[in-house]
Amino acid sequence: MSITASLLKSLPDPYLPPPVDSALLPLAQSADLTLVPASGPEYVQTAYLNAVAWKGPLNMHQYLEREVQLQSVALTKDGRITCWILTSSALPPNPDGTRPILASCESIVMSAYIAQAGRLQRVQVHGIGSVYTRPEYRGKGYAGRMMADLGKRLETWQQNDGQKNAYSVLYSDIGRKYYAQFGWKPHDSTHIHLPPLERGEYEKAAKSLPSVQDLSSEDLRNLPTVRYAEEELQRSSTKEPEATFTAICPDVDHFEWHHSREEYLTKLRGSRQPIVKGAVHRDTGLALVWSLRYAKQPKDWQVALLHTVIPSNIDPSEANQQIFAALLLRCQVEAADWDMGGGVDIWDPSELVVAAAQLLRTHDQPEVKVITRDKEHICSLRLEDSQEHDPVWIFKQEYAWC
């Protein structure tokens, strides 16, 4: 069940569920608690509840409208997104027949790869987001009960013939420890940051670097990101046959989900639509895919680098560093052109990306540092129980964030 425009029209506004009397709230360990997919109206209620945390600069109507748009793209439509609610069978339903919501979250079914000793297997996984408990219910263990139950449910959710999903992922904004106790182990989560670059400075700096071309939405459909990822997984797992490697498929469905968010928020600003979605160096295949990321405060607006596209035969040579520096420079001027005061963030940067970024050092940024995150956006992965060894997760980049 998803949030649609027709569903919203059928419901009152606002549509907040009434809080349960504190004397009736069950213990988190109660056998009466159950984790279930939300009905359509219940899904809308979760959005009303969590809007205070995630609507950013939007009002409630805009937040709901954005959710309708985000749930209509290929990554999430046709039942690929599920809203989960923790409820209790011992509590009476709300006056409108909806169930009490003690905690909620979302999951999206995704494609991924697992590679061992050069053998590549395509698998199904789930990405988790929007974990939320309304303030009146916090401190009672409901979120923990929900996550404990969710981990088990997602092992087989949306699978056929008793098969199991390979794993699920989430991106913790509350440190490394909380979700780890329910099986989502934190993986190294790093990024580098570059400031925005005004157009005049860009044109001066670009003269000494190779020429790169802009990418449109249509161009992304022809970018061989999936093939490059498959080749890198095969190469890495052949080189280290004792290890297991994995990556979430960096396909155009993920890019379009982020661009749908970007385009909706840009439209609200009354601005022209952002038609440039990345940049490429045609001869080598090196490329970037990015998206504008709006936050509540304009100073925090950023260009999120969704995916760094690096063919498996590319080495970190000086020539390739120059090419990638040109791509990063193009991303920096995109940040300035769109008033992204927070600059550019690049998750999980490779050796080539870091070396290229160092070529762009300025007086104001004399060194580009690799930052290890330990509080926000921590990439966390929970294996299906029968698997024993944690995989090496590559491409922990923003395209897979949800």
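In full-length UniProt numbering, the protein residues as written are 1 to 402. Here a beta-carbon is modelled for each residue, glycine too, at the ideal position from N, C-alpha and C.
Nearest neighbour of residue i, chosen from the options [CA to CA]
i: Trp338; options: His307, Trp393, Arg199 and Thr238; result: Arg199
i: Leu286; options: Arg293, Leu292 and Gly278; result: Gly278
i: residue 442; options: Glu398, Ser111, Ser189 and Gln116; result: Residue 442 is absent from the model: the chain starts at 1 and stops at 402.
i: Gln153; options: Asp78, Phe324 and Thr34; result: Position check: residue 153 holds Arg in this sequence, whereas Gln was assumed. It is Thr34.
i: Asp219; options: Ala143, Phe255, Arg382 and Tyr202; result: Phe255
i: Cys249; options: Leu75, Ser39 and Lys55; result: Leu75
i: Pro37; options: Pro57, Ile81 and Val68; result: Ile81
i: Met147; options: Ala166, Leu170 and Asp161; result: Leu170
i: Pro26; options: Pro57, Lys9 and Gly141; result: Gly141
i: Val392; options: Gln116, Tyr63, Ser10 and Glu334; result: Gln116
i: Thr372; options: Ile192, Glu334, Ile394 and Cys402; result: Ile192
i: Leu197; options: Gly118, Leu265 and Arg361; result: Arg361
i: Gly56; options: Ile3, Lys239, Ala295 and Arg122; result: Ala295
i: Asn320; options: Leu352, Lys267 and Thr238; result: Leu352
9 Å Cβ cutoff met for residue i and residue j
i: His281; j: Gln358; result: no
i: Asp364; j: Thr190; result: no
i: Ala336; j: Tyr202; result: yes
i: Val68; j: Asp253; result: no
i: Asp374; j: Arg221; result: no
i: Ala103; j: Leu383; result: no
i: Pro316; j: Ser260; result: no
Distance between residue j and residue i (C-alpha atoms, nearest Å)
i: Leu91; j: Pro100; result: 7 Å
i: residue 403; j: Cys331; result: Since the first residue of the chain shown is 1 and the last is 402, residue 403 is not available in this structure.
i: Thr98; j: Pro41; result: 7 Å
i: Asp283; j: Ile314; result: 12 Å
i: Gln181; j: Ser380; result: 11 Å
i: Pro18; j: Glu65; result: 23 Å
i: Met340; j: Asp300; result: 7 Å
i: Gln343; j: Ile174; result: The residue asked about is misnamed: residue 343 is Gly in this sequence, not Gln. C-alpha separation (whole angstroms): 24 Å.
i: Pro195; j: Gln234; result: 35 Å
i: Ile310; j: Asp390; result: 25 Å
i: Asp369; j: Ala143; result: Per the sequence shown, residue 369 should be read as Lys rather than Asp. Near 35 Å, if we compare the C-alpha coordinates of Ala143 and Lys369.
Expected contact under 8 Å - CB spacing of residue i and residue j to nearest Å
i: Ser111; j: Trp84; result: Between Trp84 and Ser111 the Cβ distance is about 21 Å, and since that is not below 8 Å, they are no contact.
i: Gln159; j: Gln124; result: 7 Å
i: Tyr15; j: Val52; result: Incorrect: roughly 15 Å between the Cβ atoms, too far for contact.
Is it true that the segment 173-188 meets the segment 237-249, where meeting means three or more beta-carbon pairs spaced less than 8 Å apart?
no
Specify whether the segment 221-240 and the segment 43-52 touch according to this definition: at least 3 beta carbon pairs, one from each stretch, less than 8 Å apart.
no
Using 8 Å as the Cβ pair cut-off and three pairs as the minimum, do the segment 309-329 and the segment 200-210 touch?
yes
Inter-stretch contact at 8 Å, needing at least 3 Cβ pairs: the segment 131-146 / the segment 15-31:
yes
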